[in-house]
Amino acid sequence: QVQLVESGGGLVQAGGSLKLSCAASGNIVSIKVMGWYRQAPGKQRELVATITKDGTTNYSVSVKGRFTISRNSDKRALYLQMNSLKLEDTAVYYCKADDWYPHWGRGTQVTVSS
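Residue numbers (my numbering): 4 to 117.
As structure tokens, then:
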């Protein structure tokens with residue numbers, strides 16, 4: 004079993020930056036992919052960025068060039084550096100890890116104000 008705990012969310016002005024962290028524990032040795040997803044009010048959860056065990060990254064079009072996903076080499080921490088934040092980035096951000104099953108954290112709120 005994999006446990007994930009997000010932190011780092013908060014209130015930030017448009018154009019500002021925020022860095023999210025995700026602490027992973029449990030059976031992390033079998034994790035193949037880790038990623039960040041987000042869900043805005045009234046919308047479906049969507050992919051933000053992923054990183055594979057060999058370090059290959061993937062970003063949604065809406066965040067590419069503004070957000071950077073990274074992780075520790077031991078896979079115990081995942082990060083999302085968010086720059087040039089926009090109002091539409093407001094959402095609950097979730098950490099996800101995949102081994103044979105998807106594992107989710109409980110999320111952290113990011114609110115971007117004008």
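In this text, a Cβ means the ideal position worked out from N, Cα and C, and glycines have one as well.
Given the structure is predicted, the values throughout are model-derived calculations rather than measurements.
Environment of residue i [buried if 16+ CB atoms lie within 10 Å]
i, result
"E49", "exposed"
"L81", "buried"
"R74", "buried"
"V5", "buried"
"T59", "exposed"
"D92", "buried"
"L88", "buried"
"G108", "buried"
Inter-residue CB distance, residue i and residue j (contact presumed, cutoff 8 Å)
i, j, result
"L21", "V113", "6 Å"
"H102", "S33", "Before going on, a small fix: residue 102 reads as Asp here, not His. Right, their Cβ atoms sit about 4 Å apart."
"A52", "L83", "7 Å"
Host beta strand (DSSP E) of residue i (start-end)
i, result
"W107", "P105 to W107"
"T93", "It is not in any beta strand (DSSP E) - T93 carries neither H nor E in the DSSP assignment."
"T60", "T60 to Y62"
One or two residues paired with residue i in a DSSP bridge
i, result
"S76", "Note: S76 sits in no beta bridge, so no partner."
"E9", "C25"
"G38", "T53 and K99"
"V15", "V115"
"Q84", "K22 and T71"
Cβ-heavy atom distance, residue i to the ligand NAP, below 7 Å
i, result
"P105", "Among the ligands in the structure shown, none appear at all, so the ligand NAP cannot be discussed."
### Task
Decide if the region 57-72 is in contact with the region 8-19; the criterion is three or more beta carbon pairs, one per stretch, under 8 Å apart.
Contact fails: fewer than three Cβ-Cβ distances are below 8 Å.
### Message
Does the region 88-102 come into contact with the region 33-43, if we say contact requires no fewer than three beta-carbon pairs (one atom in each stretch) closer than 8 Å?
### Response
yes
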